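Read through the structure below, which is laid out as structure tokens, and then see the notes.
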Amino acid sequence: MNDLLNLLKQNARLTNAQLADMLGITEQDIKAEIAALEKKGVIRGYTAIVNEELTRSTEVEALIELRVTPKHDTGFDDVAKTIMMYDEVESVSLMSGKYDLALTVKGRSLKEVAMFVSQRLSAMEGVLETATSFVLKRYKDKNILIEEEEQDERSMWG
Amino acid sequence: MNYDSLLSERVVGLKPSGIRRFFDLAATMEGVISLGVGEPDFSTPWSIRKEAIDVLERRKIVYTANSGMADLRKAIAGYLKRTVHTDYDPEHEMVVTVGGSEAIDIAIRSVVNPGDEVLVVEPAFVCYDPLVRMACGVPVSIPTKPENHFRLTADELREKITDKTKLLILPYPNNPTGAIMRREDLEAIAEVLRGTDILVLTDEIYCEMTYGGKHCSIVEIEGMRERTILVNGFSKSYAMTGWRLGYVCAPAPITQQIVKIHQYVIMSAPTVSQYAAIVALEECEEDVKRMIKEYNLRRRYLVEAFNRIGMTCFNPEGAFYVFPSIQCTGMTSEEFCEKLLEEEKVAVVPGNAFGACGEGFVRVSYAYSLKHLMTAVERITHFLEHHGGKA
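Taken in order, these protein sequences are the chains called A and B. Here the working numbering runs 1186 ahead of the position in the first sequence, where the first position is 1. Here the working numbering runs 33 ahead of the position in the second sequence, where the first position is 1.
As structure tokens, then:
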């Protein structure tokens, strides 16, 4: 059922009837399949992709790289699980490469995010180093262009 | 100067394309949602573009051999072997052209003598009739029927054959109807042609875009290869319209003539595109599959949507068009398209632009994102609510 997931990842608001037409199966099948995917935990939620520039929100977002000392028995899991409990933290990922954890953190101001990093993250046991980069502008998110519609340059009707 | 007396009568006599006329009308309006284009909305796969960039950086862009780069012709031969199970000699039976359009033109010119009749299966893309006229041939339309899903039947063919018939143009998978010919349909056509001297020009530019099974070519049917001129290209399958690259394959005596015209008119097809096309044939099967899968979602969505609102639509198994009937509105194709454009700002192409038998239908392209198609369907549904549909 990868096709169904792909469609929902592009647009979670497609109705069951539309999905059924596109995939050539019945509406009931779609309903059952989505229920099963939700129950199994494959689908974890549905969300909107927003151009924050237009919402008059003053919220800031930062990408934070963390170097962490892994624990003997649980590796990076313990630190990651502690970090993800904070509401400010939008995402936590274990990374390959120069650092270990990548976070996206949201706050009402630069200062708030900076304080969160210095007081909560840096002070956490096992955290060796943090690097904070603030998001200045988002061009594309979840495969969707944020600021402009894609222009159709085609003009021939052959 | 009195240009009227100076211009070629044959060219002056050509009708302007019905697609073009309607397009110009749409272009004067703002906020129009178009379902009109006949080219993919996908970008050319990256590996193809990358090859072109590398070639531009590292090579001199000079003419190639008249009939195309040897490596490309070999790759095309390999592709035809894989897809239509037919051997073509890359040396003597193949010419790389500037798109499928040039291929169609020079193929027709190579075989048609003044007065020869050329059977044009309709509805069909707008170029065949004028190109036949330019070659001093006589186009003879074979209208196909909606109840046959716009396939050509043996009886329809037999009825139009005379002792002047030189060539049958077979445009499947079809623009504008989305119709295809299955093997058994082609067998029946072959049965009529076997034992005659009638040639076939099969335009297979949409061959990768089939949704109910693999494409079958008439060249695969017994006794047909010797009379078949096969036209194909990279525009639709690999989303390479602007690269202008196609090819034509035919038995050597025909190809010898085709390449003569090509060498005088074109010299050789675009060199950068030829390098890139090798990559298309050798590395892009997965990209093509991905695009076809996406087209298929859109196709199913549109067919269901049109049938639901009363614009009945057979299940088109090829190309990227649906061809719904507008009978429920009581309008002609042109009226429908003009009103739809005025009232809902949606542009579709009147079916009669593709031959008289397309009257009562419109061509809808699904070379657009699902989001775009859904907005268009909303507007068309609203239109039908006011003009006699079920919606």
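C-beta: ideal position from N, C-alpha, C; glycine also. Quick caveat: nothing in here was measured; it's all calculated off a predicted structure.
For residue i, which residues in chain B fall below 8 Å Cβ to Cβ?
| i | result |
| --- | --- |
| A:M1208 | L330, R331, R333, Y334, L403 |
| A:R1199 | The premise fails here: A:R1199 is roughly 10 Å from chain B at the closest Cβ pair, so nothing lies under 8 Å. |
| A:Q1204 | Y334, M407 |
According to DSSP, is residue i helix, strand or coil?
| i | result |
| --- | --- |
| A:I1330 | strand |
| B:I262 | strand |
| A:E1251 | strand |
| A:A1317 | strand |
| B:P383 | strand |
| B:Y354 | strand |
| B:G363 | coil |
| B:V95 | coil |
| B:C370 | helix |
| B:V336 | helix |
| B:K48 | coil |
| B:K404 | helix |
| B:K114 | helix |
| B:V298 | helix |
| B:V410 | helix |
| B:V321 | helix |
| A:K1142 | The structure shown does not extend to residue 1142 of chain A, since chain A spans only 1187 to 1344, so no value can be given for it. |
Determine the direct distance from the alpha carbon of residue j to that of residue i, and round the result to whole angstroms.
| i | j | result |
| --- | --- | --- |
| B:V410 | B:E392 | 21 Å |
| B:D162 | B:W79 | 36 Å |
| B:R341 | B:L335 | 10 Å |
| B:E432 | B:S250 | Any answer about residue 432 of chain B is impossible in this case: the structure gives chain B only from 34 up to 424. |
| B:K322 | B:A59 | 33 Å |
| B:R115 | B:H248 | 12 Å |
| B:A110 | B:L263 | 12 Å |
| B:P172 | B:G148 | 10 Å |
| A:N1192 | B:L330 | 11 Å |
| B:Q307 | A:F1320 | 46 Å |
| B:I137 | B:C169 | 15 Å |
| A:F1262 | A:T1244 | 33 Å |
| B:T61 | B:T97 | 42 Å |
| B:T119 | B:G256 | 12 Å |
| B:E224 | B:T261 | 14 Å |
| A:R1199 | A:L1223 | 16 Å |
| B:V44 | B:E368 | 28 Å |
| B:N302 | B:R412 | Sequence inspection shows Ala at residue 302 of chain B; the Asn mentioned does not correspond to that position. Distance between the alpha carbons of B:A302 and B:R412: 42 Å. |
| A:R1242 | A:G1293 | 14 Å |
| A:M1281 | A:A1203 | 39 Å |
Counting only Cβ pairs nearer than 7 Å, list the residues of chain B close to residue i.
| i | result |
| --- | --- |
| A:Q1337 | Within chain B, no residue comes near A:Q1337; the closest Cβ sits about 12 Å away, beyond 7 Å. |
| A:G1340 | The sequence as given places Arg at residue 1340 of chain A; Gly does not occur at that position. Chain B residues near A:R1340: V70, E72. |
For residue i, return the contacting residues in chain A, with the cut-off set at a CB-CB distance below 8 Å.
| i | result |
| --- | --- |
| B:V153 | Neighbours of B:V153 on chain A: none; closest Cβ ~17 Å, over 8 Å. |
| B:G393 | Under the 8 Å cutoff, chain A gives no residues; its nearest Cβ is about 20 Å from B:G393. |
Can you check whether the CB of residue j is closer than 8 Å to the CB of residue i?
| i | j | result |
| --- | --- | --- |
| B:V129 | B:Y280 | yes |
| A:I1169 | A:K1328 | Beyond the ends of chain A as shown, which are 1187 and 1344, falls residue 1169 of chain A; an answer cannot be given. |
| B:N265 | B:G133 | yes |
| B:P209 | B:F356 | yes |
| B:P452 | B:A157 | Absent from the model: residue 452 of chain B. The displayed extent of chain B is 34 to 424, so no value can be given. |
| A:E1274 | A:V1291 | yes |
| B:I496 | B:A140 | Any answer about residue 496 of chain B is impossible in this case: the structure gives chain B only from 34 up to 424. |
| A:R1324 | A:D1286 | no |
| B:T77 | B:Y271 | yes |
| B:N99 | B:H295 | yes |
| B:I81 | B:V312 | yes |
| B:T198 | B:E155 | no |
| B:L14 | B:L226 | The structure shown does not extend to residue 14 of chain B, since chain B spans only 34 to 424, so no value can be given for it. |
| A:L1314 | A:T1255 | yes |
| B:Y401 | B:D74 | yes |
Kindly list, in the order they appear in chain B, the residues whose Cβ is closer than 9 Å to that of residue i.
| i | result |
| --- | --- |
| A:R1253 | Going along chain B, no residue has its Cβ under 9 Å from A:R1253, so there is no contact; the nearest lies around 34 Å. |
Within 7 Å: the Cβ of residue i and any heavy atom of the ligand ZN?
| i | result |
| --- | --- |
| A:E1274 | As for the ligand ZN, it is missing from this structure, which has no ligand bound. |
What are the residues that DSSP puts in a beta bridge with residue i?
| i | result |
| --- | --- |
| B:T198 | B:E150 |
| A:A1288 | A:E1251, A:S1279 |
| B:P176 | B:E155 |
| B:L234 | B:I202, B:I262 |
| B:T243 | B:G351 |
| B:R396 | B:V382 |
| B:G279 | B:T130, B:G266 |
| B:I66 | B:V379 |
| B:G101 | Note: B:G101 sits in no beta bridge, so no partner. |
| A:G1293 | A:V1246 |
For residue i, which residues in chain A fall below 7 Å Cβ to Cβ?
| i | result |
| --- | --- |
| B:E337 | D1207 |
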